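Numbering (the numbering used here), first residue to last: 106 to 260.
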């Protein structure tokens with residue numbers, strides 16, 4: 106009878122661990138998607154700003170999508186963090202701190218980009234510079250995220 110109880114407890118622990126890792130992997134997959142969307146839209150803004158004449162409306166639409174994806178990314182990062190056990194939180198604390206700094210930089214650049222594009226005559230070079238900075242910071246943040254996932258054993 107004891108062996109049956111021990112077996113049932115092991116199955117229960119395995120099921121709980123699996124559901125936590127599955128939900129965690131799903132949140133991190135959504136984070137990767139958000140990162141790719143931000144980089145993609147920033148790339149489109151760079152392309153628009155590289156044209157002889159900036160199509161302000163198109164660039165602004167991409168900038169708005171960057172801001173939306175950035176909010177989604179922060180939310181998914183927060184949700185993923187909530188799923189971590191205390192020992193996992195300790196293991197990836199530095200990665201979360203680096204990601205938080207990157208998120209702040211991304212927010213500032215995103216706000217500056219939208220502010221510039223909301224001007225009646227936005228400067229193409231400023232727009233291109235801000236969008237390039239967004240792409241570069243997103244690449245840096247993606248590296249932090251990849252390292253975090255590796256530490257947690259998430260593919």
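Note that beta-carbon positions come from the ideal geometry of N, C-alpha and C, so glycine has one too.
These figures come from a predicted structure and were not determined experimentally.
Among the options, the one whose alpha carbon lies nearest that of residue i
i           : options               : result
residue 172 : 220, 134, 206 and 204 : 220
residue 167 : 144, 156, 226 and 184 : 144
residue 222 : 175, 148 and 161      : 161
residue 255 : 136, 236 and 197      : 197
residue 232 : 136, 146 and 135      : 146
residue 149 : 137, 177, 235 and 192 : 235
residue 130 : 202, 156 and 181      : 181
residue 178 : 250, 195 and 260      : 250
Cα-Cα separation between residue i and residue j, rounded to whole angstroms
i           : j           : result
residue 121 : residue 139 : The predicted model places residue 121 with a pLDDT of 40, which falls under 50 and marks its position as unreliable; any figure quoted below should be read in that light. Rounded to whole angstroms, residue 121 to residue 139 spans 27 Å at the Cα level.
residue 128 : residue 188 : 8 Å
residue 252 : residue 133 : 12 Å
residue 190 : residue 126 : 11 Å
Anticipated Cβ contact below 8 Å, residue i with residue j, distance rounded
i           : j           : result
residue 154 : residue 229 : 5 Å
residue 136 : residue 193 : So it is not a contact: roughly 16 Å between Cβ atoms.
residue 186 : residue 201 : 6 Å
residue 174 : residue 203 : Actually they are not in contact, since the Cβ atoms of residue 174 and residue 203 sit about 19 Å apart, beyond 8 Å.
With 16 other Cβ atoms within 10 Å as the buried cut-off, status of residue i
i           : result
residue 214 : buried
Near the ligand PLP: residue i beta-carbon under 8 Å from a heavy atom
i           : result
residue 256 : With respect to the ligand PLP, the structure offers nothing, as it holds no ligand at all.
Quiz prompt | Inter-stretch contact (C-beta, 8 Å, three-pair minimum) for the segment 242-252 and the segment 204-211 | solution = These segments touch.
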